[in-house]
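Okay, structure first, notes after.
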Amino acid sequence: MGTAGLWGTITAIPMNTEHLLTLTQWLSPAYPIGAFAWSHGLERAVQRGDVANAAGLADWLDAVLTQGAGRSDAILLCAAHGADDVEPVAELAAALSPSRERRMETLQQGAAFASTTRAVWALDLPDMAYPVAVGRAAALMGLPVVPTAQVWLQSFASNLMQAAQRLMPLGQTEGQRILAGLLPVCAAIGEEAAQSTLDDISTASFAVDIASMQHADQYPRIFRS
C-alpha cells in the first residue's frame, strides 16, 4: 500500500536487518558528530527559567518537534532522500537556520556525519546540513524514508534529553519516560514529512529560536548552542 506525496507514490518498504542496523549505527550517540556539544537553545531556556522541571521539558521538546526544527528538518531529510539534485535542499536547510549558533549546529554536525559516512561506506556525500546529509545517505544506501525520518527525530529528541540531564535535576528514569511519551509524535511527524513538500516547511517555535539567539551571549555555559 502506498500514499501519494511530493515524490509520487510512497510505498511502505519493510526495513531489512542490514538497513535497521545501519540506521541505528548512524543515529547512535556513539556516531562521531559531536551532538553532545549542542543544546539547541535549551541551555538558555533552563537558565532563564522557561524549562524548570520534567513537565516543562516535555512541553519544550514537544514544541521543538511539532512546531520547530523537528518537523522542518524531517521534511528536509525526506526531500533530500527523494531529490535527484540535493544541493538546493542543502542550501535551503542552511538558510533556514534562525541563529548563528543553530546554523553552526546543523552544518558542523552534518559535516561530521558526512565525513564519517564517506569514510566507512564510500558514499558520494558532500558536507551539508545534518538532516539533509542523513536523508541523502539513506537514499544512497537504500534505506526507506519514513523510518529514517522517525528514528532521526527520536535521536534528535534523545540528544536534547541528554543535554537536559546535564542542565537540570532530571533522573534517568524520568528522562526515558518523557522520551517514551514522544514516540507517537516522532512517528506521526516522520509519516507527515514523507508526504510533504518544501513549501510545507514552517515553524512557530519563537521562544526556542529566541533562546538560541540569546545563548550566544550567555556566560557561563557548557554547550555551543
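Residue 443 in the working numbering sits at position 188 of the sequence shown, with consecutive numbering throughout.
Ideal Cβ positions, reconstructed from N, Cα and C, are used throughout, including at glycine.
Just so it is clear, the structure is predicted and the values come from calculations on it, not from any experiment.
Who are the Cβ neighbours of residue i in its own chain at under 8 Å, not counting the five residues just before and after it?
i    : result
S467 : H295, G296, R299, P353, S354, E356, R357, S480
Q364 : I288, G289, A290, W293, Y385
M359 : R479, S480
Q280 : Y286
G397 : H274
M270 : L278, L398, P399, P402
Spatial neighbours of residue i within its chain, please: CB distance less than 7 Å, with the 5 preceding and 5 following residues excluded, ordered by chain position.
i    : result
A309 : L425, E429, I433
E446 : V401
A318 : S460, V463
Q469 : R299
P475 : none
Can you tell me the Cα-Cα spacing of residue i and residue j, whole angstroms?
i    : j    : result
S370 : A443 : 30 Å
A334 : A435 : 27 Å
I465 : G390 : 27 Å
L422 : L437 : 20 Å
T198 : P284 : Nothing about residue 198 can be read from this structure; the chain reaches only from 256 to 480.
Q302 : E346 : 32 Å
A472 : T272 : Residue identity check: residue 472 is Asp in the sequence provided, not Ala. D472 and T272: Cα-Cα distance of roughly 46 Å.
T372 : F411 : 18 Å
A338 : G325 : 20 Å
V440 : Q427 : 21 Å
I477 : M416 : 15 Å
Count the other C-beta atoms from every protein chain shown that fall within 10 angstroms of the C-beta of residue i, then say buried if there are 16 or more, exposed otherwise.
i    : result
I330 : buried
Q405 : buried
F368 : buried
P343 : exposed
N414 : buried
G304 : exposed
W315 : buried
L276 : exposed
V375 : exposed
A350 : exposed
A377 : exposed
A448 : buried
Since I believe residue j is in contact with residue i (beta carbons under 8 Å), could you give me their beta-carbon distance rounded to a whole number of angstroms?
i    : j    : result
L320 : L380 : 26 Å between Cβ atoms; not a contact.
L366 : D382 : Before going further, note that residue 366 is Ala rather than Leu in the sequence given. Yes, A366 and D382 are in contact; Cβ-Cβ is about 4 Å, under 8 Å.
L312 : A419 : 5 Å
Q322 : T452 : That pair is no contact at about 18 Å.
Please work out which residues of its chain come closer than 6 Å, Cβ to Cβ, to residue i, disregarding the five sequence neighbours upstream and downstream, and give them in chain order.
i    : result
I456 : S327, I330
A393 : H336, T403
V387 : L331, A335, V344, A345, A348
L395 : L378
V306 : A300, L312, W315
Q482 : The structure shown does not extend to residue 482, since the chain spans only 256 to 480, so no value can be given for it.
Could you confirm whether any beta carbon from chain C is found closer than 9 Å to the beta carbon of residue i?
i    : result
A285 : No chain C is part of this structure, which consists of one protein chain only.
Of all the alpha helix (DSSP H) runs that stay within the bounds of the segment 305-350, which reach a length of 4 or more residues? 309-322, 324-337, 342-350
Alpha helix (DSSP H) runs contained entirely in the segment 400-433, provided each spans 4 or more residues: 400-422
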